[in-house]
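Read in the UniProt record's numbering, the sequence shown has 74 at position 74, and its numbers run on one by one without any break.
Notes for the one structure printed next.
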Amino acid sequence: MPALTTYTAEIPAVDVAVIGAGINGLAVAREAAARGLSVALFDQDDLAARTSAISTRLIHGGLKYLERFELNLVYESIRERNILLAKAPHLVHPYPMLIPFSKQQSRPGWLLACGLMLHDVLSLGKPLPLNRVVFRKRLQRDWPALADAGLRWGGLFHDANVPVTERLAVELAVDAQRHGAIVSTHSRVESLVRTGGRITGLRYRDRETGETRTVPARVTVNAAGPWVDRVLDLAGAHDRRMGPTKGSHLIVDAFPGAPDTCIFFESPDDARPMFVLPWEDKYMIGTTDLPYDGSIDDIVMDDDETAYLLGAVNALIPQAGLTPDDVLWSYSGVRPLPYVGELDDPSKVSRDHEIVVHTGADAGLVTIIGGKLTTHRALGELVARRLERELGRRPGPSPTRDARLPGAPDGDWARFRADYLRRTALPARSAERLVDTYGTVATEIERLTVETPALAQVVDPDTGAIAAEAVHAVREEGALTLEDVVLRRTAVALNRDVGLAAAPAIAAVLVAHCGWSEEQAEGELDRYRAAMRRFKPRALTAEREAGTMRGSTE
Numbered sequence: 001m002p003a004l005t006t007y008t009a010e011i012p013a014v015d016v017a018v019i020g021a022g023i024n025g026l027a028v029a030r031e032a033a034a035r036g037l038s039v040a041l042f043d044q045d046d047l048a049a050r051t052s053a054i055s056t057r058l059i060h061g062g063l064k065y066l067e068r069f070e071l072n073l074v075y076e077s078i079r080e081r082n083i084l085l086a087k088a089p090h091l092v093h094p095y096p097m098l099i100p101f102s103k104q105q106s107r108p109g110w111l112l113a114c115g116l117m118l119h120d121v122l123s124l125g126k127p128l129p130l131n132r133v134v135f136r137k138r139l140q141r142d143w144p145a146l147a148d149a150g151l152r153w154g155g156l157f158h159d160a161n162v163p164v165t166e167r168l169a170v171e172l173a174v175d176a177q178r179h180g181a182i183v184s185t186h187s188r189v190e191s192l193v194r195t196g197g198r199i200t201g202l203r204y205r206d207r208e209t210g211e212t213r214t215v216p217a218r219v220t221v222n223a224a225g226p227w228v229d230r231v232l233d234l235a236g237a238h239d240r241r242m243g244p245t246k247g248s249h250l251i252v253d254a255f256p257g258a259p260d261t262c263i264f265f266e267s268p269d270d271a272r273p274m275f276v277l278p279w280e281d282k283y284m285i286g287t288t289d290l291p292y293d294g295s296i297d298d299i300v301m302d303d304d305e306t307a308y309l310l311g312a313v314n315a316l317i318p319q320a321g322l323t324p325d326d327v328l329w330s331y332s333g334v335r336p337l338p339y340v341g342e343l344d345d346p347s348k349v350s351r352d353h354e355i356v357v358h359t360g361a362d363a364g365l366v367t368i369i370g371g372k373l374t375t376h377r378a379l380g381e382l383v384a385r386r387l388e389r390e391l392g393r394r395p396g397p398s399p400t401r402d403a404r405l406p407g408a409p410d411g412d413w414a415r416f417r418a419d420y421l422r423r424t425a426l427p428a429r430s431a432e433r434l435v436d437t438y439g440t441v442a443t444e445i446e447r448l449t450v451e452t453p454a455l456a457q458v459v460d461p462d463t464g465a466i467a468a469e470a471v472h473a474v475r476e477e478g479a480l481t482l483e484d485v486v487l488r489r490t491a492v493a494l495n496r497d498v499g500l501a502a503a504p505a506i507a508a509v510l511v512a513h514c515g516w517s518e519e520q521a522e523g524e525l526d527r528y529r530a531a532m533r534r535f536k537p538r539a540l541t542a543e544r545e546a547g548t549m550r551g552s553t554e
């Protein structure tokens, strides 16, 4: 996989400047670059560092859009799910989920069963098993805790998920750069440039020198997600475009009655769709959907949300008995939904995207509102076609529909994985982690351990991550900070303590092998611990409580 370089001192004039390296901006940059347009991508943080990192990590076939008869979204979701299963099989996996049918829910079981059958008809030829209705005998066998709680029947919906969305973002960035895009992270856009009565580029702050640099662009794309209005403020007065809603998830260890498959159910409080999701040897529970008007820069889950989610799971699986003390950590953010004024039920806001091609004094600016993880590629294709028309080019077929992501093998994924595990010299646990996290890139990382045997050292016993992964993150994948490395390249921070115990060992590796100074490492460790507070990890809470107790006895 080609190296990802995220710094260029002088960025030349480009056809397209993209603001925001979340899933939307990455998709636009990849598609536009693959079509031969010159592209520069900017983000004030890292790749997919905020909104794109707080999803439920599902690649879903649009089942929930059926009842609103949004068949265009259903077809699009099914198509894009199938593309990701085929072109990124190392990242996107089949993910069945049980939907309980009970008298307490707002939709009758027969209607849900019909929906599952209709979805099969609409997704004819899908690479997943057919959906089916399951009855008490199978429930007792496969979901005994639900059967013991009185569930008599339900539906098994075959969908998909991407357990490590962080790696999906990295590979999209790598693929964009492979086609010529310039990727500049930790580069805040300070202003838009207007000449000749239109937007003609942007100014950003160079992360190394602190200087403001100008990048001329024929078209500028505002893909800043919840920060869309903040970017539009740079152009002047405008109508409010974003009406974000807050969504939170919490992470727990396995609990009594924990299912082996995802459960997609309704909250007993307000009938809102909810999930219990097996994930990375833990469980994710989510999500809330609340109107939000506060700061979008620092968002944490609150106690009411925790009680809401845990209460719903305990009602579904009474033997679970989950309490706030069981929460390992949580994450929270906002969905970049369109502003629709006062709304009692945020879930009624359409999840479809909107592309705004500005005119008048703001001509040359394109804004993206909405967008989803599942359909990011389709959005990138649609935006790139608009860009080509704006630039006087005739849009051609999408080059990304049949393109593998960089970590996908040229052939059958299961065969590649088995061959790698048979040939590797690494211990089984490290080898399995490498291939399941990085796909074909596992061979590049293992090569580092051959050249420098010390890099085979395990730096995180929780996940089995090895030192070579951190070196690869900095040398080949554009990681600039410790958070970039621990959270979004190696994904070590998805462990039980958000990487807090592993961070010092990883920082030491970067000092020894990547030219970091001891002072830099200490500063990065301080910043990492501060940044992880937004996840409210139990490890930090316990540490603070222990410190308070020590202080009270001294």
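Backbone N, C-alpha and C define an ideal beta-carbon position, used for all residues, glycine too.
Going by other Cβ atoms of all chains shown within 10 Å of its Cβ, with 16 needed for buried, is G236 buried or exposed?
Along the sequence shown, read from residue 1 onward, the residue named residue 236 stands at position 236. With fewer than 16 other Cβ atoms within 10 Å, it is exposed.
Among A113, L98, A147, P144, which has the Cα closest to the Cα of H158?
The residue labelled residue 158 in the question sits at position 158 within the sequence shown. The option with the nearest alpha carbon to H158 is L98.
Tell me whether the beta-carbon of A181 lies closer than 7 angstroms to the beta-carbon of L41.
Here residue 181 is taken as the residue at index 181 of the sequence shown, counted from 1. Here residue 41 is taken as the residue at index 41 of the sequence shown, counted from 1. Yes; because the gap between Cβ atoms is below 7 angstroms, this pair is in contact.
Determine the direct distance from the alpha carbon of R475 to that of C514, and round the result to whole angstroms.
Looking up residue 514 in the sequence shown gives position 514. Looking up residue 475 in the sequence shown gives position 475. If I take the Cα positions, the gap works out to 8 angstroms.
Find out if the Cβ-Cβ distance for the pair I199, G364 is shorter than 7 angstroms.
On the sequence shown, residue 199 is found 199 positions in, with the first residue counted as 1. On the sequence shown, residue 364 is found 364 positions in, with the first residue counted as 1. The answer is yes: Cβ separation under 7 angstroms.
Could you name the residues that DSSP lists as bridge partners for P256?
By one-based count along the sequence shown, residue 256 stands at place 256. For P256, which the question treats as bridged, DSSP gives no partner whatsoever.
Under 7 angstroms between C-beta atoms of G464 and S430
Along the sequence shown, one-based indexing puts residue 464 at 464. Along the sequence shown, one-based indexing puts residue 430 at 430. The answer is yes: Cβ separation under 7 angstroms.
Identify every residue that forms a DSSP beta bridge with L146.
The residue you call residue 146 lines up with position 146 of the sequence shown. None, per the DSSP bridge assignment.
In its own chain, which residues sit with a C-beta less than 8 angstroms from the C-beta of E354, not counting the 5 before and 5 after it?
Translated into the one-based positions of the sequence shown, residue 354 becomes position 354. Closer than 8 angstroms at Cβ, skipping near neighbours: P338, I368, I369, G370.
For S330, list the residues DSSP reports as bridge partners.
Here residue 330 corresponds to residue number 330 of the sequence shown, with the count starting at 1. Paired residues: L250.
Check F264 in the structure and name its three-state DSSP category.
Mapped onto the sequence shown, residue 264 falls at position 264. Residue state, collapsed to three classes: strand.
Our contact map puts L373 next to I23 with C-beta atoms below 8 angstroms; I'd like the distance itself, whole angstroms only.
Translated into positions along the sequence shown, residue 373 becomes position 373. Translated into positions along the sequence shown, residue 23 becomes position 23. Their Cβ separation, rounded to whole angstroms, is 6 angstroms, which keeps L373 and I23 in contact under 8 angstroms.
Quick check: the stretch 417 to 430 against the stretch 385 to 392, are at least 3 beta-carbon pairs closer than 8 angstroms?
no
Taking L250 as the reference, which of D206, N222, D303, A224 has the closest Cα?
Start at 1 with the first residue of the sequence shown, and residue 250 comes out as number 250. Looking at the Cα atoms, D303 is the closest of the given residues.
Return the CA-CA distance between V300 and Y292, expressed in angstroms with no decimal places.
In the sequence shown, residue 300 corresponds to position 300, counting from 1. In the sequence shown, residue 292 corresponds to position 292, counting from 1. Going by the C-alpha atoms only, they are around 12 angstroms apart.
C-alpha gap between A224 and P244, whole angstroms
Residue numbering aside, residue 224 sits at position 224 when the sequence shown is read from its first letter. Residue numbering aside, residue 244 sits at position 244 when the sequence shown is read from its first letter. Computed Cα separation, rounded: 13 angstroms.
By alpha-carbon positions, which one of L328, A258, A307, L379 ends up nearest to Q319?
Stepping through the sequence shown from its first residue, residue 319 is reached at position 319. Per the Cα distances, A258.
Cα separation between M549 and L540?
Taking the sequence shown and counting its residues from 1, the one referred to as residue 549 is at position 549. Taking the sequence shown and counting its residues from 1, the one referred to as residue 540 is at position 540. Bear in mind that the predicted position of M549 carries a pLDDT of just 40, short of 50, making it unreliable; the figure below should be weighed with that in mind. Answer to the nearest angstrom: the Cα atoms are 14 angstroms apart.
Where does E208 fall in DSSP's three states?
The residue given as residue 208 occupies position 208 in the sequence shown. Reduced to three states, the DSSP call for E208 is coil.
Quick one: which unbroken alpha helix (DSSP H) runs of 4-plus residues sit fully inside the stretch 383 to 459? Chain order, please.
413 to 423, 428 to 438, 442 to 451
How about V215 and N222: do their beta carbons lie closer than 7 angstroms?
Counting from one through the sequence shown, the residue named residue 215 turns up at place 215. Counting from one through the sequence shown, the residue named residue 222 turns up at place 222. No.
Counting only runs of 4+ residues fully inside the stretch 3 to 53, write out the alpha helix (DSSP H) ranges in chain order.
23 to 34
For A254, count neighbouring Cβ atoms within 10 angstroms of its own Cβ and tell me buried if that reaches 16, exposed if not.
Locating residue 254 in the sequence shown gives position 254, counting from the first residue. Classification of A254: exposed, given that the 10 Å Cβ count is below 16.
Please report the distance separating the alpha-carbon of V231 from that of D484.
Counted from its first residue, the sequence shown places residue 231 at position 231. Counted from its first residue, the sequence shown places residue 484 at position 484. V231 and D484: Cα-Cα distance of roughly 24 angstroms.
Cβ contact check for the stretch 277 to 296 and the stretch 207 to 214: 3 or more pairs under 8 angstroms:
no
A32 to Y65 span [Cα, whole Å]:
Your numbering for residue 32 matches position 32 in the sequence shown. Your numbering for residue 65 matches position 65 in the sequence shown. The alpha-carbon atoms of A32 and Y65 are separated by roughly 29 angstroms.
Should T490 be labelled buried (16 or more other beta-carbon atoms within 10 Å of its own) or exposed?
Start at 1 with the first residue of the sequence shown, and residue 490 comes out as number 490. The residue in question, T490, is buried, as its Cβ has 16 or more Cβ neighbours within 10 Å.
So what does DSSP say about F135, is it helix, strand or coil?
Locating residue 135 in the sequence shown gives position 135, where the first residue counts as 1. Strand, per DSSP.
Measure the alpha-carbon distance for T261 versus D462 and round it to whole angstroms.
Mapped onto the sequence shown, residue 261 falls at position 261. Mapped onto the sequence shown, residue 462 falls at position 462. If you take the alpha carbons of T261 and D462, they lie about 22 angstroms apart.
Just tell me which of E67, S248, D175, A312 has its CA closest to the CA of R50.
The count along the sequence shown starts at 1 and reaches residue 50 at position 50. Checking every option, the nearest Cα to that of R50 belongs to S248.
Whole angstroms is fine: what's the gap from D120's alpha carbon to Y75's?
Counting from one through the sequence shown, the residue named residue 120 turns up at place 120. Counting from one through the sequence shown, the residue named residue 75 turns up at place 75. Spanning the two alpha carbons is a distance of roughly 11 angstroms.
Under 6 angstroms: does the beta carbon of A271 sit that close to some heavy atom of the ligand ZN?
As far as ligands go, the structure on display features none, and thus does not contain the ligand ZN.
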